[in-house]
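Under UniProt numbering, the first residue of the sequence shown carries the number 1, and numbering increases by one thereafter.
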Amino acid sequence: MPYSTRPLPMPKIRTAGPRRLPPSPIRVLIVAWLIFGSIGSVWSFASPLMSVPDEPAHAIKAAAVARGQLMGTGSGVQGDPLVVQVPGYIANLNVRSCFAQHSNITADCARPIDATDRGWTVGKTSAGNYNPVYYAIVGMGSRGLSGEPAIYAMRIISSWLVGFFLAAIFAAAFSLRHFRRPVIAAAVALTPAVFFLSGSINPNALEIATTGALFLSLCAVFEQVAGRISLQRLPLVLLTLSASLLAHTRPLSLLWLALAAIAAVLCYGFGTLMKALAQRGFQVAMGITALSCVFALWWVFSAKSFDSLLAGAPMRAEDAAVAMLDKTVFFMVEYVGVLGWIDTMPPPGTLYTWVLGFGALLFLAYTARPVRGRWVMALLTVTVIAVPTALQASSSEKLGWIWQGRYALAMVVTLILAAGVTTRFRQFRITPWSKSMIRWGLVLGVLAHTYIFLEGLRRYTIGIQDHVNWTEMFDPRWQPPLTWQGLAVIYIALLAAGAVCLYRLLTVKRAEFSLPLAESVSAVDRA
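Below you can see the structure in the form of structure tokens.
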């Protein structure tokens with residue numbers, strides 16, 4: 001057959017305008033860290049000091065560890081708080097709870113913190129024998145400062161520490177080849193409860209952030225291994241940091257670490273794990289993580305970390321199990337954001353926003369293909385329901401009712417992130433319609449976050465009363481630093497900035513050719 005003299009068709013490249021290049025994962029990490037760290041800092045000022053569950057116990061523990069007391073001393077009786085030596089203004093933080101569990105009482109009832117009371121005083125904490133790593137980091141804020149500035153410094157350090165690992169979730173999600181659904185899942189997974197806790201002295205928020213970062217960074221590593229791509233340094237660093245620190249956050253964190261790792265393996269297969277173990281970088285990451293876990297496990301058993309829990313009225317194990325199963329759906333309220341000492345419910349509009357977001361992602365994940373991904377969802381769904389039930393039932397006869405929804409929030413966040421990874425192969429074309437959906441979804445998210453933030457400010461400035469009293473906020477009984485108006489403006493600006501960055505991230509197009517190029521390549525192949 002004679003060769004044709006007709007030239008091959010040239011590929012047509014879209015030239016509708018300058019194409020935005022996708023940012024690098026490290027740039028995503030830095031920008032997200034600035035936003036999340038700032039959001040947590042705003043929450044740290046908006047919430048009155050010691051207004052977060054168990055915050056006095058954690059603040060006393062942090063101040064003690066920062067002064068060299070890794071453990072407290074106690075009577076050995078289950079439920080008795082442990083004793084440490086801390087400055088007087090720290091030891092007396094337990095008395096700032098006049099508004100706790102009373103949503104109609106404003107924060108002005110609390111006595112001012114005496115910054116001059118720096119003498120050594122006995123402080124009691126139910127976290128006295130918890131792992132000291134988180135407290136050593138946060139407690140440094142109390143060195144060289146006194147009174148309220150010291151407490152706010154500890155809160156802000158915690159906010160930026162948590163913010164880094166929240167940012168790591170997005171950086172790892174963006175590292176995936178099909179990144180859009182995982183990034184959307186990350187945005188949905190970060191409920192107001194996560195931001196609220198990040199603005200407090202409480203390792204719960206760090207546990208949530210590091211669990212999510214561990215899961216997605218491990219997914220990013222597995223995807224590079226499966227695609228025979230050289231392992232990038234950033235996912236390995238994020239994996240090592242998140243796993244190593246997660247092991248030291250709370251007594252249950254080792255369980256969450258194991259479950260998050262198993263979920264990532266199920267997403268990519270056991271064969272991918274074996275290939276990853278042959279990589280030098282992954283071996284180093286696993287070695288560091290293993291050493292960290294060994295120390296954390298040793299601390300849990302040697303320090304008897306579970307023995308410092310506060311004890312309540314005993315109840316039968318079967319009654320506790322039935323009650324936990326009955327509250328399974330109700331815990332959704334706490335996953336979204338119950339503020340204060342579990343005394344301020346989220347506004348219905350905010351709650352329904354996350355019910356819609358969670359429901360949509362879970363429905364897509366439970367029907368996803370390949371079917372292998374559904375096993376991940378099954379594992380994590382059973383975990384969210386069964387593990388809290390088993391833990392509460394096993395301890396109810398000694399400790400009574402101790403469970404709160406936030407204790408399982410690390411697994412709930414991982415469940416939603418896994419939904420994004422499971423559905424990543426579903427087609428997600430950037431069209432005017434999809435852009436409109438993204439814009440309106442982001443607007444809804446910003447409004448929902450703003451609504452619950454204002455609800456928290458209302459609760460502490462004028463109290464939640466029997467009548468609608470929003471207008472009374474302009475004559476508040478209590479004002480946070482920078483005033484509630486100033487904090488609200490800053491918070492809305494941060495949410496808007498985050499929404500703009502997320503929109504640009506989701507709508508960026510990677511370099512691609514139009515259909516005629518594929519036809520020309522096919523013609524060359526046939527020739």
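We put the CB at the ideal spot given by N, CA and C, even for glycine.
Report task. Measure the C-alpha to C-alpha separation of V508 and R180 and round it to an integer number of angstroms. Result -> Along the sequence shown, one-based indexing puts residue 508 at 508. Along the sequence shown, one-based indexing puts residue 180 at 180. Cα to Cα, the separation comes out at about 10 angstroms.
Requested in this report: Could you say if the region 56 to 72 and the region 127 to 140 meet the contact criterion of at least three C-beta pairs nearer than 8 angstroms?
Outcome: yes
Query - Cα-Cα separation, R406 to C98 - result: Here residue 406 refers to the residue found at position 406 of the sequence shown. Here residue 98 refers to the residue found at position 98 of the sequence shown. The alpha-carbon atoms of R406 and C98 are separated by roughly 23 angstroms.
Requested in this report: Entirely within the region 230 to 287 and at least 4 residues each: give me those alpha helix (DSSP H) ranges in chain order.
Outcome: 233 to 246, 253 to 268, 270 to 277
Report task. Using the Cα positions of V329 and A321, report the straight-line distance between them to the nearest angstrom. Result -> Here residue 329 is taken as the residue at index 329 of the sequence shown, counted from 1. Here residue 321 is taken as the residue at index 321 of the sequence shown, counted from 1. C-alpha separation (whole angstroms): 14 angstroms.
**Report entry** Exposed unless 16 or more other CB atoms sit within 10 angstroms - verdict on E223
**Finding:** Residue 223 sits at position 223 when you count from the first residue of the sequence shown. Its Cβ being crowded by 16 or more others within 10 Å, E223 is buried.
Query raised in the report: A278: buried (16+ other C-beta within 10 angstroms of its C-beta) or exposed?
Result: In the sequence shown, counting from the first residue as 1, residue 278 sits at position 278. The residue is exposed, with fewer than 16 neighbouring Cβ atoms inside 10 Å.
Requested in this report: Measure the C-alpha to C-alpha separation of residue 611 and V52 and round it to an integer number of angstroms.
Outcome: Because residue 611 is not part of the residues shown, which for the chain are 1 to 527, the question remains open.
Requested in this report: Just tell me which of E207, A220, L218, Y268 has its CA closest to the CA of L254.
Outcome: Position 254 of the sequence shown holds residue 254. Checking every option, the nearest Cα to that of L254 belongs to E207.
Query - Where P328 falls: helix, strand or coil (DSSP) - result: As a first step, residue 328 is located in the sequence shown; it is residue number 328 there, counting from the start. Here the sequence assigns Thr to residue 328, which means Pro is not the residue at that position. Coil.
Requested in this report: Check the C-beta distance from A110 over to P48 and give it rounded, since I have them as a contact under 8 angstroms.
Outcome: Here residue 110 refers to the residue found at position 110 when the sequence shown is read from its first residue. Here residue 48 refers to the residue found at position 48 when the sequence shown is read from its first residue. 7 angstroms between Cβ atoms; contact.
Report task. Look up W341 in the DSSP assignment and say whether it is helix, strand or coil. Result -> Along the sequence shown, one-based indexing puts residue 341 at 341. Coil at W341, not helix or strand.
Query raised in the report: Is G357 helix, strand or coil when you go by DSSP?
Result: Indexing the sequence shown from 1 puts residue 357 at position 357. It is helical.
Query raised in the report: So, are the CB atoms of R426 and D108 less than 8 angstroms apart?
Result: Here residue 426 is taken as the residue at index 426 of the sequence shown, counted from 1. Here residue 108 is taken as the residue at index 108 of the sequence shown, counted from 1. No; because the gap between Cβ atoms is not below 8 angstroms, this pair is not in contact.
Query raised in the report: Contact between the region 481 to 497 and the region 381 to 393: three or more CB pairs below 8 angstroms?
Result: no
Requested in this report: Compute the Euclidean distance between the alpha carbons of L166 and D307, then round it to the nearest angstrom.
Outcome: Within the sequence shown, numbered from 1, the residue matching residue 166 stands at position 166. Within the sequence shown, numbered from 1, the residue matching residue 307 stands at position 307. Between L166 and D307, the C-alpha separation is close to 30 angstroms.
Query raised in the report: When you compare only the Cα positions, how much space is there between W484 and I157?
Result: Position 484 of the sequence shown, counted from the start, is the residue given in the question as residue 484. Position 157 of the sequence shown, counted from the start, is the residue given in the question as residue 157. Rounded to the nearest angstrom, the two C-alpha atoms are 22 angstroms apart.
Query raised in the report: Which term fits P87, buried or exposed, when burial requires 16 or more other beta carbons within 10 angstroms of its beta carbon?
Result: By 1-based counting over the sequence shown, the position of residue 87 is 87. Buried, because 16 or more other Cβ atoms sit within 10 Å of the Cβ of P87.
Query raised in the report: Leaving out the 5 sequence neighbours to the left and right, which residues in its chain are closer than 7 angstroms to V421 when beta-carbon positions are compared?
Result: Position 421 of the sequence shown, counting from 1, holds the residue named residue 421. Cβ neighbours of V421 beyond the five flanking positions: P182, C219, C267.
**Report entry** Touching by the beta-carbon criterion (3+ pairs, under 8 angstroms), the region 160 to 177 and the region 229 to 244
**Finding:** yes
Query - C-beta atoms of P251 and V300 nearer than 8 angstroms - result: Counting from one through the sequence shown, the residue named residue 251 turns up at place 251. Counting from one through the sequence shown, the residue named residue 300 turns up at place 300. Closer than 8 angstroms, so yes.
Requested in this report: Could you tell me whether the Cβ atoms of F358 and I416 are closer together than 8 angstroms?
Outcome: Here residue 358 refers to the residue found at position 358 of the sequence shown. Here residue 416 refers to the residue found at position 416 of the sequence shown. A contact, by the Cβ cut-off of 8 angstroms.
**Report entry** Alpha carbon of I28 to alpha carbon of M437, nearest angstrom
**Finding:** Position 28 of the sequence shown, counting from 1, holds the residue named residue 28. Position 437 of the sequence shown, counting from 1, holds the residue named residue 437. Here the sequence assigns Val to residue 28, which means Ile is not the residue at that position. The straight-line gap from Cα to Cα measures roughly 22 angstroms.
**Report entry** Status (buried if at least 16 other CB within 10 Å, exposed otherwise) for P81
**Finding:** As a position in the sequence shown, residue 81 is number 81, starting the count at 1. Buried: at least 16 other Cβ atoms inside 10 Å.
Requested in this report: Flag this pair as yes or no: are the beta carbons of S200 and R155 separated by less than 8 angstroms?
Outcome: Counted from its first residue, the sequence shown places residue 200 at position 200. Counted from its first residue, the sequence shown places residue 155 at position 155. Cβ atoms of S200 and R155: closer than 8 angstroms.
Requested in this report: Output the distance between the C-alpha atoms of N94 and M50, rounded to the nearest integer angstrom.
Outcome: For the purposes of this step, residue 94 is taken as the residue at position 94 of the sequence shown. For the purposes of this step, residue 50 is taken as the residue at position 50 of the sequence shown. Cα-Cα distance, rounded: 8 angstroms.
Query raised in the report: Looking only at C-alpha atoms, which of R458, L442, A296 sits nearest to M345?
Result: Counting from one through the sequence shown, the residue named residue 345 turns up at place 345. Taking only the C-alpha atoms, the option nearest M345 is R458.
Requested in this report: Check each candidate in I342, V162, G123 and name the one with the smallest Cα separation from L34.
Outcome: Working through the sequence shown from its first residue, we reach residue 34 at position 34. Measuring from the Cα of L34, the nearest candidate turns out to be V162.
**Report entry** For G147, the nearest candidate out of A418, M377, I90, V225 (CA to CA)
**Finding:** Residue numbering aside, residue 147 sits at position 147 when the sequence shown is read from its first letter. Residue I90 is the option with its Cα nearest to G147.
Query raised in the report: Is V333 helix, strand or coil by DSSP?
Result: Here residue 333 is taken as the residue at index 333 of the sequence shown, counted from 1. V333: helix per DSSP, three-state reduction.
**Report entry** For A209 and M411, the rounded distance between their alpha carbons
**Finding:** The residue you call residue 411 lines up with position 411 of the sequence shown. The residue you call residue 209 lines up with position 209 of the sequence shown. Between M411 and A209, the C-alpha separation is close to 11 angstroms.
Query - contact_flag[the region 255 to 264, the region 375 to 382] where n(CB pairs < 8 angstroms) is 3 or more - result: yes
Report task. Throw me the rounded Cβ distance for the L236 and F196 pair, which I believe falls under 8 angstroms. Result -> Numbered from its first residue, the sequence shown carries residue 236 at position 236. Numbered from its first residue, the sequence shown carries residue 196 at position 196. About 31 angstroms; that fails the 8 angstroms criterion.
Query raised in the report: Just how far apart, CA to CA, sit I105 and M324?
Result: Reading the sequence shown from its first residue, position 105 is the one you call residue 105. Reading the sequence shown from its first residue, position 324 is the one you call residue 324. Taking the straight line joining both Cα atoms gives about 30 angstroms.
Query raised in the report: Do you know how far the Cα of G269 is from the Cα of W375?
Result: Within the sequence shown, numbered from 1, the residue matching residue 375 stands at position 375. Within the sequence shown, numbered from 1, the residue matching residue 269 stands at position 269. Whole-angstrom Cα-Cα distance: 11 angstroms.
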